[in-house]
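Peer 1: Numbering (the working numbering), first residue to last: 309 to 754.
All residues carry an ideal CB built from backbone N, CA and C; glycine is no exception.
Remember, it's a predicted structure, so these values are computed and weren't measured experimentally.
(1) Between residue 750 and residue 708, what straight-line distance do the alpha-carbon atoms span, to the nearest angstrom?
(2) So is residue 383 buried or exposed if we call it buried at 16+ other beta carbons inside 10 Å?
(3) Less than 8 Å between the CB atoms is what I'm expecting for residue 432 and residue 373, so what's the real figure, rounded?
(4) Quick check: the Cα distance between residue 429 and residue 554, rounded to an integer number of angstroms?
(5) Taking DSSP as the reference, what is the three-state secondary structure of residue 672?
(6) Counting beta carbon pairs with one atom in the segment 678–687 and one in the segment 726–735, are three or more of them shorter than 8 Å?
(7) Figure out for me which residue from 327, 391, 634 and 344 has the closest Cα to the Cα of residue 317.
(8) Given that a residue counts as buried once 16 or more other Cβ atoms are within 10 Å of its Cβ, and exposed if not, what is residue 527?
(9) Check the C-beta distance from residue 546 over to residue 518 and give it rounded, since I have them as a contact under 8 Å.
(10) Where does residue 753 land, buried or exposed, given buried means 16+ other C-beta within 10 angstroms?
(11) Expressed to the nearest angstrom, what Euclidean distance is found between the alpha-carbon atoms of residue 625 and residue 650?
(12) Taking only runs of the alpha helix (DSSP H) that begin and end inside the segment 632–702, which ones reach a length of at least 4 residues, in chain order?
(13) Looking at the unbroken alpha helix (DSSP H) that takes in residue 353, where does it start and where does it end?
(14) If you measure between the beta carbons of residue 451 and residue 403, is that distance less than 9 Å?
(15) Between 355, 591, 324 and 633, which has its C-alpha nearest residue 279's C-alpha?
(16) Please work out which residues of its chain come closer than 7 Å, Cβ to Cβ, to residue 508, disregarding the five sequence neighbours upstream and downstream, and give them in chain order.
(17) Report the partner residues of residue 369 according to the DSSP bridge assignment.
(18) Spell out a yes or no on whether the segment 462–475 and the segment 652–662 are touching, meaning 3 or more CB-CB pairs, one atom from each, closer than 8 Å.
(19) Can you confirm whether the segment 399–414 touches the segment 660–671 when touching is taken to mean that 3 or more C-beta pairs between the two stretches lie within less than 8 Å?
(20) Inspect the beta-carbon positions of residue 454 and residue 424 and report whether they are closer than 9 Å.
(21) Is residue 570 near the ligand MG, with its Cβ less than 8 Å from a heavy atom?
(22) Closest to residue 371 by C-alpha separation, out of 351, 380, 361 and 365, would be which residue?
(23) Give the secondary structure of residue 448 by DSSP, where H, G and I count as helix, E and B as strand, and everything else as coil.
(24) Which class does residue 407 belong to by DSSP, given the choice of helix, strand or coil?
(25) Helix, strand or coil, according to DSSP, for residue 539 in the structure here?
(26) Going by DSSP in three states, residue 494 sits in which element: helix, strand or coil?
(27) Drop a sphere of 10 angstroms on the beta-carbon of residue 532, count the other beta-carbons inside from all chains shown, and report buried for 16 or more, exposed for fewer.
Okay, here's the thing in structure tokens:
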């Protein structure tokens with residue numbers, strides 16, 4: 309028997325398409341938008357800044373875009389309140405986008421959000437003349453913006469901590485008065501595939517970005533960004549001409565991040581599982597879960613219905629996850645069930661997510677009796693070669709992190725249910741997760 313479930317809508321693409329539609333003068337329709345807390349925050353801020361966003365039902369939204377860009381308050385003493393709650397994507401993308409508007413904005417969230425860095429983005433915005441003031445700690449929210457439009461020109465930007473800094477600047481760039489050229493600096497460019505999602509969104513809304521690579525001899529040449537799996541910061545730059553977002557109708561594809569837990573369940577559960585609604589040629593970096601599962605020994609195949617994964621005896625792998633960091637909790641849980649050691653590398657930036665995801669994943673795996681070595685940039689998981697025998701009465705801690713909660717659910721595929729301290733944390737990205745999980749015959753207590 310093969311179970312079949314539909315992947316949730318992509319959270320990353322939902323954010324980008326709603327923002328683009330809100331910035332496009334005229335009427336747009338965005339279909340299959342993910343219904344979750346993070347998207348509620350993005351919609352609310354875009355609405356307060358001048359867009360009209362109305363539900364059509366079934367995840368579809370009608371958007372009347374801003375005519376002249378984001379509008380803030382006229383008073384420095386009463387800036388427009390932009391509560392991002394705990395959505396890092398909302399915070400980083402909209403900090404840049406609102407800076408391209410006019411008026412006063414205050415960007416803030418929950419206490420953990422105020423511990424997540426924004427320094428590289430703030431530095432880039434200040435180089436554009438934006439008055440950015442950090443209320444408590446330099447380089448971190450809460451942040452007050454005094455926006456008067458962006459001039460454009462040359463901007464240098466570090467991407468060591470997050471690709472969302474670059475994505476935010478790209479989304480804001482069409483509002484610049486002159487072309488904006490973004491040159492990357494720093495040691496590395498993390499999560500590059502997410503930049504591809506932003507470039508695709510801009511193209512879908514009628515805007516072109518010139519991407520250039522520096523070749524041998526220091527010569528800059530135009531590059532096809534769809535073929536860039538990764539980049540060296542010193543050898544890449546992107547130029548956006550001033551322009552207008554074009555309104556239209558768009559559909560959000562399925563989410564490989566949210567689907568990763570379902571696909572993993574197919575590998576370590578009792579029955580083969582087919583996940584529908586995913587694009588095989590997706591630009592999402594988290595499509596890498598299919599190849600990681602194959603590398604660990606799971607049968608993975610594309611069928612006319614979707615991606616089918618079957619149970620198998622898994623083995624450890626050595627994997628660089630710098631371009632797919634959201635998969636780390638899933639892969640760590642798979643590694644616990646696999647035989648041998650799994651080494652997860654190049655994800656030091658995971659320490660600045662909703663939780664310190666490296667420490668949180670390691671701690672919860674140890675709670676299940678799994679040996680884990682923690683490094684600055686990753687983990688080594690010593691797999692058991694079977695499902696962990698979780699001690700009776702164990703309560704897994706979610707660390708207020710949706711991805712930790714959903715990854716720990718993989719330990720409840722046998723007879724014993726998983727118990728987590730805060731099941732509702734999944735509302736951040738996959739509100740129907742526990743409902744879908746119950747369809748896989750995985751009982752969850754709370």
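Peer 2: On the basis of the coordinates in this document:
(1) In the chain shown, residue 750 corresponds to position 442, counting from 1. In the chain shown, residue 708 corresponds to position 400, counting from 1. Unreliable placement is indicated for residue 750, whose pLDDT of 46 sits below 50; the coordinate value is still reported in the next sentence. The straight-line gap from Cα to Cα measures roughly 22 Å.
(2) Taking the first residue of the chain shown as position 1, residue 383 is located at position 75. Looking at its Cβ environment, which holds fewer than 16 other Cβ atoms inside 10 Å, residue 383 is exposed.
(3) As a working note, residue 432 is residue 124 in the chain shown. As a working note, residue 373 is residue 65 in the chain shown. No, residue 432 and residue 373 are not in contact; Cβ-Cβ is about 25 Å, not under 8 Å.
(4) The count along the chain shown starts at 1 and reaches residue 429 at position 121. The count along the chain shown starts at 1 and reaches residue 554 at position 246. Roughly 26 Å separates the two Cα atoms.
(5) Here residue 672 refers to the residue found at position 364 of the chain shown. Residue 672: helix per DSSP, three-state reduction.
(6) no
(7) Within the chain shown, numbered from 1, the residue matching residue 317 stands at position 9. Among 327, 391, 634 and 344, the Cα nearest to that of residue 317 belongs to 344.
(8) As a first step, residue 527 is located in the chain shown; it is residue number 219 there, counting from the start. Exposed.
(9) Here the question's residue 546 lines up with position 238 in the chain shown. Here the question's residue 518 lines up with position 210 in the chain shown. With a Cβ gap of about 7 Å, residue 546 and residue 518 count as contacting.
(10) Translated into positions along the chain shown, residue 753 becomes position 445. Because residue 753 carries a pLDDT of 46, less than 50, the predicted location of this residue cannot be relied on, and no value is offered for it.
(11) By one-based count along the chain shown, residue 625 stands at place 317. By one-based count along the chain shown, residue 650 stands at place 342. Cα-Cα distance, rounded: 5 Å.
(12) 636–645 and 665–675
(13) Numbered from its first residue, the chain shown carries residue 353 at position 45. Where residue 353 is concerned, the enclosing alpha helix (DSSP H) stretches over 345–356.
(14) Walking along the chain shown from the start, residue 451 turns up at place 143. Walking along the chain shown from the start, residue 403 turns up at place 95. Cβ distance < 9 Å, so residue 451 and residue 403 count as in contact.
(15) Past the edges of the chain, shown from 309 to 754, lies residue 279, and the structure says nothing about it.
(16) In the chain shown, residue 508 corresponds to position 200, counting from 1. So the qualifying residues of the chain are 591.
(17) Taking the first residue of the chain shown as position 1, residue 369 is located at position 61. Per DSSP, 338 and 363.
(18) yes
(19) no
(20) Within the chain shown, numbered from 1, the residue matching residue 454 stands at position 146. Within the chain shown, numbered from 1, the residue matching residue 424 stands at position 116. Against a cut-off of 9 Å, the Cβ pair of residue 424 and residue 454 comes out as no contact.
(21) Absent from the structure shown: the ligand MG. Ligands present: none.
(22) Residue 371 sits at position 63 when you count from the first residue of the chain shown. For residue 371, the nearest C-alpha among the options comes from 361.
(23) Here residue 448 refers to the residue found at position 140 when the chain shown is read from its first residue. It is coil, neither helix nor strand.
(24) Here the question's residue 407 lines up with position 99 in the chain shown. Reduced to three states, the DSSP call for residue 407 is helix.
(25) Walking along the chain shown from the start, residue 539 turns up at place 231. In this structure, residue 539 counts as coil in the three-state DSSP scheme.
(26) As a working mapping, residue 494 is identified with position 186 in the chain shown. Coil.
(27) As a position in the chain shown, residue 532 is number 224, starting the count at 1. So residue 532 ends up on the exposed side.
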